[in-house]
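According to my numbering, the stretch in the sequence shown is residues 44 to 387, in order.
Take a look at the structure set out below.
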Amino acid sequence: FQATNLGLALKQIDAMLDWSLDDEPVADDEEDEFRSEESRLNVRTKVWLSYTSNIISSGCREQIRYIAEHHMAQVFITTAGGIEEDFIKCLSDFHLGDFALDGKTLRRRGLNRTGNLIVPNDNYCKFEEWFEPIIDKMHDEQEQDGVIWTPSKMIHRFGKEINDPRSVYYWCYKNNIPVFCPAITDGSIGDMIYFHSYKRPGFIVDIAADIRKVNDESVKARHTGVIVIGGGVVKHHAMNANLMRNGADHVVYINTAQEFDGCDSGARPDEAVSWGKIRIDAKPVKVYTEATLVLPLIIGKCFAPRVASGEWEKTRGDGTKIVYNKSYTPSEHDKERRKLMAVN
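As structure tokens, then:
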């Protein structure tokens, strides 16, 4: 049953982490730069990691941070809650509660329930105190220096400002990993921008620049692997970007959503194949499970051993030799076209 799917998912993640251009034959029209074994070993999979906010709410935040710290994914996509709750956890604690706690009682005590977790209102007060001077400085830079803020630029700046190694986005800042959040206003960050707009109108967040940036991350990549934890906007944003390159090469979905209502969250990988979001020769896997049960197992099987053995640092070093962006040659493009159209 789902243990089989999990096993297949682990194989897919291993495949995306292990792949290099050296696994493929050298095309007749390959550039001289990419003909040697060493140069081809340096062309690696660009790994995309998408996750919903509840993953950051939960203890799995530390697993996401681990991936960011060791630069084991090159593109992150999440929701507003997936951003702000990481910073809130640097400022104050979340508490274990129960799914059955009474909402009216919690409301009167200033406590918010997220599943079986409790988040006090005071946590958001601390977040507001931290956030306000940062957005003021960002607004100054917009007006004085012409800085155009996008969601990914904002998150990069927040990661710098938090300056806390417990934070996912501190490590994304340190490792220059782009974090995309197309729904950045759908949460406390949006509340803060709303309040700021009355105190000081005119702050602009440009989402158009980020859609170009996220799609370019896909188009320019030689090989992509996508891990989607959850559904909704984080799932579609990653997969739609990969449509721009005729589909991802490796894909793992982890969620509990079903497809009977036609929602994107529940759509099986084969639906994405029909749209061109996953390549027709890929071997995508969906694991039907609650993600906090399996994400620690995935980290323990696929990610942590590579770091513990020194393999990751040995093959990646300081990252300066690793290539994620490389075009197909004309003959490789023709081969892909023939594969897609089933032309022999």
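For glycine and all other residues, C-beta sits at the position ideal for the given N, C-alpha and C.
If you draw a straight line from the Cα of residue 339 to the Cα of residue 57, it is about 15 Å long.
Residue 53 is positioned such that its CB atom lies closer than 8 Å to that of residue 341. Taking 3 residues as the shortest admissible run, the region 255 to 291 contains the following complete beta strand (DSSP E) segments, listed from N- to C-terminal end: 267 to 272.
The Cβ atoms of residue 324 and residue 382 lie closer than 8 Å to each other. In this chain, the beta strand (DSSP E) harbouring residue 119 covers 118 to 120. Non-local beta-carbon contacts of residue 209 in its own chain, meaning distances under 8 Å to residues more than five positions away in sequence, involve 108, 132 and 133 in chain order.
Straight through space, the alpha carbons of residue 263 and residue 106 are spaced by roughly 28 Å. Below 8 Å, enough C-beta pairs join the region 112 to 129 and the region 218 to 237 to call them touching: three or more. In the structure shown, residue 190 falls within a coil segment according to DSSP collapsed to helix, strand and coil. Residue 328 and residue 187 have their C-alpha atoms spaced approximately 49 Å apart.
Residue 321 is classed as buried because its beta carbon has at least 16 other beta carbons within 10 Å across all chains shown. By the neighbour-count criterion, in which 16 or more other beta carbons inside 10 Å mark a residue as buried, residue 243 falls on the exposed side.
Following the DSSP letters along the chain, one finds residue 297 inside the beta strand (DSSP E) bounded by residues 293 to 298.
Residue burial annotation: residue 267 is buried, with at least 16 other C-beta atoms found within 10 angstroms of its C-beta. Counting along the chain, residue 149 sits inside the alpha helix (DSSP H) bounded by residues 146 to 151.
Its chain contains 178 and 246 as the residues whose beta carbon lies nearer than 7 Å to that of residue 239, once the 5 sequence neighbours on both sides are disregarded; these appear in chain order. For the alpha helix (DSSP H) assignment, the uninterrupted runs of no fewer than 4 residues enclosed by the region 168 to 236 are, from N- to C-terminal side, 194 to 205 and 211 to 217. Within a 10 Å sphere around the beta-carbon of residue 151 sit fewer than 16 other beta-carbons, which makes this residue exposed.
Judged by beta-carbon spacing, residue 161 lies beyond the 8 Å limit of residue 146, meaning their Cβ atoms are not closer than that value. Taking residue 95 as reference, the option from 225, 274 and 55 with the minimal CA-CA separation is 274. Within the same chain, 65 come within 8 Å of residue 80 by CB-CB distance, once the 5 residues on both sides are set aside. Between the alpha carbons of residue 61 and residue 279 lies a gap of roughly 25 Å. Distance from the Cα of residue 257 is smallest, within the candidate group 285, 230, 241 and 236, for 285.
Per DSSP, the continuous alpha helix (DSSP H) segment holding residue 380 begins and ends at 373 to 384.
With 16 or more neighbouring CB atoms inside 10 Å of its own CB, residue 345 falls in the buried class. For residue 355, the three-state secondary structure derived from DSSP is helix.
For residue 134, the enclosing alpha helix (DSSP H) has its first and last residue at 123 to 134. Beyond the five residues adjoining it in sequence on each side, residue 83 comes within less than 7 Å, by CB distance, of 63, 64, 65 and 77 in the same chain, given in chain order. Taking C-alpha positions only, residue 158 is separated from residue 231 by approximately 18 Å.
A direct Cα-to-Cα measurement between residue 175 and residue 296 gives close to 36 Å.
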